[in-house]
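**Q**
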Amino acid sequence: MNMLVMDYLEKEGFKEAAEKFKIESGINPTIDLQTIDKRLEIRNCLQNGEIEKAVALINEIHPELLDNDNLLYFKIQQQQLIELIREKDVIKALDFAQTCLVERAEDGDPDVLTELERTLALLAFDEPSTSPFGDLLNLGHRQKVASEVNAKMLEQENQESVPQITKILKLLAWSQQQLDNKNVKYVKMTDFAKGTLQLS
1 MNMLVMDYLE
11 KEGFKEAAEK
21 FKIESGINPT
31 IDLQTIDKRL
41 EIRNCLQNGE
51 IEKAVALINE
61 IHPELLDNDN
71 LLYFKIQQQQ
81 LIELIREKDV
91 IKALDFAQTC
101 LVERAEDGDP
111 DVLTELERTL
121 ALLAFDEPST
131 SPFGDLLNLG
141 HRQKVASEVN
151 AKMLEQENQE
161 SVPQITKILK
171 LLAWSQQQLD
181 NKNVKYVKMT
191 DFAKGTLQLS
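Per UniProt numbering, numbering of the sequence shown is gapless, rising by one per residue and ending at 200.
1. Measuring straight from C-alpha to C-alpha, what distance separates Phe-133 and Leu-116?
2. If you draw a straight line from the C-alpha of Asn-2 to the C-alpha of Lys-15, how long is it?
3. Name the DSSP beta bridge partners of Asp-89, please?
4. Should Ala-17 and Leu-33 be called a contact, given that it needs their Cβ atoms to be closer than 8 angstroms?
5. Using 8 angstroms as the threshold, is the stretch 21-36 in touch with the stretch 175-187, meaning 3 or more CB pairs across them?
6. Taking just the CA atoms, how far does Val-149 sit from Glu-106?
7. At which residue ranges does the stretch 135-197 contain complete beta strand (DSSP E) runs of 3 or more residues, listed in the order of the chain?
8. Please report the residue range of the alpha helix (DSSP H) in which Ser-25 lies.
9. List the residues that DSSP assigns as beta-bridge partners of Leu-9.
10. Check the C-beta distance from Glu-160 over to Leu-154 and give it rounded, since I have them as a contact under 8 angstroms.
11. Going by alpha carbons, who is nearest to Ile-61 out of Asp-95, Asp-37, Gln-79 and Pro-110?
12. Are Leu-197 and Met-189 close, meaning C-beta to C-beta below 8 angstroms?
13. Name the residue from Lys-185, Pro-163, Asp-191 and Ala-193 whose alpha carbon lies nearest to the alpha carbon of Thr-30.
14. In the DSSP output, what is Leu-199 paired with across the bridge?
15. How long is the line joining the alpha carbons of Asn-44 and Ala-146, rounded to whole angstroms?
16. Starting from Ala-54, trace the alpha helix (DSSP H) in both directions and tell me its first and last residue.
17. With a Cβ-Cβ cutoff of 8 angstroms, do Leu-122 and Leu-136 count as a contact?
18. Ignore the nearest five residues each way along the sequence and tell me which others in Leu-120's own chain have a CB closer than 7 angstroms to its CB.
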């Protein structure tokens with residue numbers, strides 16, 4: 001169980017907690033905790049809308065990542081466009097889209113084109129946050145991009161990108177769904193966070 005906790009702390013970038021957990025549990029981390037600092041800094045930049053700074057940091061520690069992963073780079077640039085729209089800087093947003101994103105949309109990936117269209121559609125509304133595409137302006141979108149970048153950096157460091165506990169919980173949810181579909185009676189975990197069990 002302690003290994004699962006340490007794995008989660010490492011993957012999600014909780015360096016201080018991992019250091020304290022190491023002292024309390026005697027479990028050694030599987031990665032160098034110093035690498036967490038840069039990943040955490042990049043994640044914080046993305047979550048705070050500081051996209052240019054995040055890109056510079058990514059290029060500093062993984063210079064090949066954005067060159068080799070066009071879709072990830074698009075998502076980061078899309079977030080930069082979203083930040084310009086959030087600031088209501090229409091001229092800069094259009095210029096950025098034209099110089100940095102249109103070419104990526106023309107590469108033929110329909111998902112990229114759809115996402116670019118959704119993002120640019122925000123400009124058509126006086127209050128973009130209440131538009132049908134307002135989900136792009138939610139802070140959860142920043143979090144999603146930050147998580148994807150974190151996962152890709154872990155992969156670059158030959159680390160699993162998803163904590164083991166997450167995989168176990170997904171397997172548990174899938175298993176319970178299979179049992180439910182077959183009307184099997186069993187003790188079901190109804191609340192993963194609290195560990196609440198109930199006879200199904």
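Glycine included, each C-beta is placed from N, C-alpha and C at the ideal position.
**A** Reading off the structure:
1. In the sequence shown, the residue the question calls residue 133 occupies position 133. In the sequence shown, the residue the question calls residue 116 occupies position 116. Answer to the nearest angstrom: the Cα atoms are 11 angstroms apart.
2. Locating residue 2 in the sequence shown gives position 2, where the first residue counts as 1. Locating residue 15 in the sequence shown gives position 15, where the first residue counts as 1. Taking the straight line joining both Cα atoms gives about 16 angstroms.
3. The residue labelled residue 89 in the question sits at position 89 within the sequence shown. According to DSSP, Asp-89 bridges with nothing at all.
4. Here residue 17 is taken as the residue at index 17 of the sequence shown, counted from 1. Here residue 33 is taken as the residue at index 33 of the sequence shown, counted from 1. Not in contact: Ala-17 and Leu-33 (Cβ atoms no closer than 8 angstroms).
5. They do not touch, by the three-pair rule.
6. The residue you call residue 106 lines up with position 106 of the sequence shown. The residue you call residue 149 lines up with position 149 of the sequence shown. Going from the Cα of Glu-106 to the Cα of Val-149 covers about 23 angstroms.
7. DSSP runs (the beta strand (DSSP E)) wholly in the stretch 135-197: 187-191.
8. Indexing the sequence shown from 1 puts residue 25 at position 25. Here the alpha helix (DSSP H) through Ser-25 covers 15-25.
9. Taking the sequence shown and counting its residues from 1, the one referred to as residue 9 is at position 9. Residue pairing from DSSP leaves Leu-9 without any beta-bridge partner.
10. As a first step, residue 160 must be located in the sequence shown, where it is residue number 160. As a first step, residue 154 must be located in the sequence shown, where it is residue number 154. Contact between Glu-160 and Leu-154 holds: their C-beta atoms lie close to 7 angstroms from each other, under 8 angstroms.
11. The residue labelled residue 61 in the question sits at position 61 within the sequence shown. Here the closest residue by C-alpha is Asp-37.
12. Against the sequence shown, residue 197 aligns to sequence position 197. Against the sequence shown, residue 189 aligns to sequence position 189. Yes.
13. Against the sequence shown, residue 30 aligns to sequence position 30. With distances taken between CA atoms, Thr-30 lies nearest to Pro-163 out of Lys-185, Pro-163, Asp-191 and Ala-193.
14. The residue labelled residue 199 in the question sits at position 199 within the sequence shown. Val-187.
15. One-based indexing of the sequence shown puts residue 44 at position 44. One-based indexing of the sequence shown puts residue 146 at position 146. Their backbone Cα atoms lie some 8 angstroms apart in a straight line.
16. As a first step, residue 54 is located in the sequence shown; it is residue number 54 there, counting from the start. Per DSSP, Ala-54 belongs to the alpha helix (DSSP H) from 51-61.
17. Reading the sequence shown from its first residue, position 122 is the one you call residue 122. Reading the sequence shown from its first residue, position 136 is the one you call residue 136. Yes, Cβ-Cβ distance for Leu-122 and Leu-136 is below 8 angstroms.
18. As a working mapping, residue 120 is identified with position 120 in the sequence shown. Short of 7 angstroms from the beta carbon of Leu-120, and not among the five residues preceding or following it, lie these beta carbons of its own chain, in chain order: Ala-97.
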